[in-house]
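Working notes, beginning with the structure itself.
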Amino acid sequence: MPLRARALIRKLRGGAQSHLMEAEDGAFYVVKFTKNPQHRRILINEWLACAFLRYLQIHVPETTAIQLTPEFIEGSPDLYLSVGPRREPVPPGLHFGSRMAVHPDRVAVFDFLPDKLLNKIENRADFLGTLVFDKWACNADSRQAVFFRARAKTWTPIKGERPARVGFFAQMIDHGFAFNGPHWSFQDSPIQGLYFRDSVYHDVHSLDSFQPWLDMVQSFPIEVIDSALKEIPRDWLEEDESELEGLLEALVKRRGRVPELIEDLHRHKPSAFPNWRQ
Ligand SMILES: Nc1ncnc2c1ncn2[C@@H]1O[C@H](COP(=O)(O)OP(=O)(O)O)[C@@H](O)[C@H]1O
Ligand SMILES: [Mg+2]
């Protein structure tokens with residue numbers, strides 16, 4: 017169910033020119049617009065990637081369609097897209113919303129953590145599962161995450177240490193360039209999809225360290241793909257429906273390729289996994 021935006025908070029950094037907004041449910045959403053400077057298709061990529069990562073039990077934000085009414089746009093003079101020196105209006109309708117897990121005025125959310133803290137995050141193993149996903153989905157961008165302190169109760173990772181009661185957690189964000197971004201193709205390049213700090217991969221000793229995600233992708237249910245597809249707002253698709261179906265068929269066909277893609281990455285950049293033992 018779409019949610020209406022009720023307040024514009026501020027513009028955020030990043031190539032998609034996202035804006036932070038409060039919605040009618042009182043939660044805060046990072047909103048990417050259909051007319052963003054990257055491409056309309058990145059909204060679809062975000063939507064699908066979050067659904068697939070959620071199935072893999074990796075921490076991603078809740079996602080929803082955010083409705084911007086003409087009245088809201090009219091009443092938000094700071095809401096616009098910058099195209100060179102020009103200001104372009106944001107169209108009314110449904111846009112992509114990624115929910116902030118915490119209240120932005122009460123809990124700090126970080127784009128980066130120093131290595132010392134990064135080593136202590138409670139769900140560090142999510143970075144291994146996410147690499148499996150990024151290889152499968154041919155994410156053409158490097159891996160991005162946000163970090164914040166939270167109680168462990170709602171943040172139990174699938175693998176790794178049992179979380180301490182309160183600790184730092186990572187949430188995987190920015191999947192606009194999954195499926196090779198607007199191109200919707202699979203042009204694999206060995207080092208794409210990596211996080212820029214290799215310490216998150218220190219627990220990798222062999223291909224087996226990427227379980228259970230390798231198996232989960234290998235037998236990834238078609239129903240999960242179909243139901244994510246059905247929930248995409250129709251306005252985002254325009255004429256893309258059959259191309260998207262073709263993309264997802266190709267994605268299903270390459271479920272078994274991930275081990276080979278990770279081995280390729282290891283061959284090209286052994287330093288990515290300093291503890292890999294032959
Ligand atoms: N769900 C979220 N929770 C908290 N912060 C977020 C969330 N999604 C995005 N952000 C913040 O918004 C910024 C821009 O979002 P991102 O998806 O990276 O857009 P871009 O494609 O423009 O890089 C991120 O760098 C991050 O700081
Ligand atoms: Mg980004």
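To convert, note that position 162 of the sequence shown is 178 in the numbering used here; the numbers rise steadily by one, no gaps. Ideal Cβ positions, reconstructed from N, Cα and C, are used throughout, including at glycine. Predicted model only: the values in this text are computed from it and were never measured.
Pick from the options that is closest to residue i, judged by C-alpha positions
| i | options | result |
| --- | --- | --- |
| Q208 | Q234, A156, E254, F202 | A156 |
| R167 | Y211, E138, A161 | E138 |
| M17 | S98, P101, L223, I248 | I248 |
| A141 | E87, Y211, W200 | Y211 |
| V233 | W200, V182, L144 | L144 |
| Q73 | V240, R271, P286 | V240 |
| Q294 | D231, H221, D131 | H221 |
| R181 | K169, L263, L230, W63 | K169 |
| S235 | F195, E40, Y71 | Y71 |
| R22 | I60, S243, E87, L59 | E87 |
| D219 | G176, W63, R250 | G176 |
| H284 | D204, L253, L97, V47 | D204 |
| E104 | F49, T85, L129 | F49 |
| W252 | P108, R159, L230 | P108 |
| W63 | R178, V106, L110 | L110 |
| R270 | I238, G42, T85 | I238 |
| G30 | L19, L97, G91, R20 | L97 |
| D174 | V47, D224, P228, L223 | Strictly speaking, residue 174 in this sequence is Ile, with Asp absent from that position. Nearest option by C-alpha distance: P228. |
| S158 | D94, F193, G91, P101 | F193 |
| L129 | L223, Q160, E255, E254 | Q160 |
| R250 | A81, V106, W200, L223 | A81 |
| G272 | P93, T172, S243, D231 | D231 |
| E257 | L28, D224, V99, W200 | W200 |
Sequence-distant residues of its chain with Cβ nearer than 6 Å to residue i (five each side left out)
| i | result |
| --- | --- |
| P198 | H55, R57 |
| D280 | P206 |
| F226 | L144, V148 |
Contacts around residue i, its chain only, beta-carbon distance under 7 Å, and the 5 residues preceding and following it disregarded
| i | result |
| --- | --- |
| K151 | G209, V274, L277, I278 |
| L134 | R213, S215, V216 |
| A266 | F202 |
| L264 | I241, L245 |
| R20 | A39, E40, Q83, T85 |
| F195 | N61, A153, C154, L263 |
Other residues of its chain near residue i: CB distance less than 8 Å, five sequence neighbours each side excluded
| i | result |
| --- | --- |
| F44 | I25, L36, M37, E38, R115, M116, H119, P120 |
| C383 | There is no way to answer for residue 383, as the model of the chain reaches only from 17 to 294. |
| V162 | V125, F126, D127, A186, Q187, I189 |
| P286 | W292 |
| F282 | It should be noted that the sequence gives His, not Phe, for residue 282. Same-chain partners within the cutoff: A288, F289, W292. |
| K136 | G183, F184 |
Residue-level contact to chain E via CB, residue i, 7 Å cutoff
| i | result |
| --- | --- |
| P173 | Going by chain labels, chain E is absent from the structure shown, which holds only one protein chain. |
Integer Cβ distance of residue i from residue j, believed to fall under 8 Å
| i | j | result |
| --- | --- | --- |
| F185 | F68 | Going by Cβ atoms, the distance from F185 to F68 rounds to 20 Å, so no, they are not a contact pair. |
| A288 | Y217 | 6 Å |
| Q83 | N52 | Incorrect: roughly 16 Å between the Cβ atoms, too far for contact. |
| L260 | I60 | 7 Å |
| R165 | V123 | 7 Å |
Which runs of the beta strand (DSSP E), 3 residues or longer, sit entirely within the stretch 81-141?
97-99, 102-104, 109-115
Pocket of ligand 2 (residues with CB nearer than 6 Å to any heavy atom), chain order:
G30, Q160, D190
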